[in-house]
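Note sheet for the following structure.
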Amino acid sequence: MSFLVRKITEKDFDNGFFETLSNLTVVGDIYSNDELKRDVIGKVLGDQNYIIIVAEDLESKKIIGTATLLIEQKFIHNGGKVGHIEDVATRKGFEGRGVGRKIINELIKLAREQGCYKIILDCDAKVAKFYEKLGFAKKGIMMRMDLNAKFGAIYL
Ligand SMILES: CC(C)(COP(=O)(O)OP(=O)(O)OC[C@H]1O[C@@H](n2cnc3c(N)ncnc32)[C@H](O)[C@@H]1OP(=O)(O)O)[C@@H](O)C(=O)NCCC(=O)NCCS
Numbered sequence: 001m002s003f004l005v006r007k008i009t010e011k012d013f014d015n016g017f018f019e020t021l022s023n024l025t026v027v028g029d030i031y032s033n034d035e036l037k038r039d040v041i042g043k044v045l046g047d048q049n050y051i052i053i054v055a056e057d058l059e060s061k062k063i064i065g066t067a068t069l070l071i072e073q074k075f076i077h078n079g080g081k082v083g084h085i086e087d088v089a090t091r092k093g094f095e096g097r098g099v100g101r102k103i104i105n106e107l108i109k110l111a112r113e114q115g116c117y118k119i120i121l122d123c124d125a126k127v128a129k130f131y132e133k134l135g136f137a138k139k140g141i142m143m144r145m146d147l148n149a150k151f152g153a154i155y156l
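Take the sequence shown: its letters are residues 1 to 156, numbered as in the UniProt record's numbering.
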């Protein structure tokens, strides 16, 4: 299988991006409403601190992997920047073929280019090994407070 890792483009949202993300969690049904979908896409693509990388399967031309890098400007550490990795997913049926590795390595490269002094992410214990293989180490603990009762049940 050969695939290309690149920044997301608008057409990817209609070409397997949400199916890929659904291997991570519930994507939600707002994307059946074109207006709501375009609103979210516009907000994300309009924010230069929000970098989404996708993997495109060169045979089917479908999106088979994605992850997001959020760049946070800090006051501390001499006004340094922190990279946050979010929403990492390889499409169901395409796991274990190096897609996740290539996407995360691309985000690490981009975080360096952006001048980030560290990258952080939250993950389930069952995928910690994946990140350790890519050079991440366990540090601290994650804390969480659920605020939206409507969505709490599906985001557990
Ligand atoms: C976790 C996930 C992103 C990994 O992506 P992937 O494309 O399957 O990973 P890769 O094929 O690039 O794997 C890279 C290495 O990590 C290992 N690895 C992948 N997932 C692993 C896991 N869950 N546990 C242990 N090792 C894992 C692979 O075996 C491979 O090791 P190797 O190079 O020694 O052979 C993918 O399985 C996925 O989308 N899972 C569901 C969503 C999810 O949990 N996302 C993470 C949110 S924090």
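No residue lacks a Cβ here, since even glycine has one placed at the ideal position from N, Cα and C. Note that the structure is predicted; figures quoted are calculated from it, not measured.
Every residue whose beta carbon comes nearer than 5 Å to a heavy atom of ligand 1 appears here in chain order: N23, L24, V88, A89, T90, E95, G96, G98, V99, G100, R101, C123, V127, K129, F130, K133.
Look at the segment 46-73 and you find these whole runs of beta strand (DSSP E), each 3 residues long or longer: 50-57, 63-73.
In this model, L110 and G83 are separated by some 9 Å (Cα to Cα). Partner residues in the beta bridge of F3, as assigned by DSSP, are D57.
Within the model, the alpha-carbon separation for Y131 versus L107 is close to 13 Å. DSSP places T90 in the strand class (E or B) of the three-state scheme. Scanning its chain for C-beta atoms nearer than 6 Å, with the 5 sequence neighbours on each side dropped, one finds around G100 the residues T90, in chain order. Straight-line measurement puts the Cα of K138 at about 26 Å from the Cα of F94. Counting only residues of its own chain and dropping the five nearest sequence neighbours on each side, V88 has a CB closer than 6 Å to the CB of A67. A straight-line Cα-Cα distance of about 14 Å links S60 and T20. Scanning G46, V27, L70, I64 for the CA closest to the CA of R112 turns up L70.
In the structure shown, G100 adopts helical secondary structure according to DSSP, grouped into three states. Contact check for I52 and I8: beta-carbon distance about 4 Å, within the 8 Å limit, so the pair qualifies. If you look at I76, you'll find it isn't in any beta strand (DSSP E); it sits in the alpha helix (DSSP H) that goes 76-79.
Residue pairing by DSSP puts I120 in a beta bridge opposite H84. For L21, the uninterrupted alpha helix (DSSP H) segment begins and ends at 17-21.
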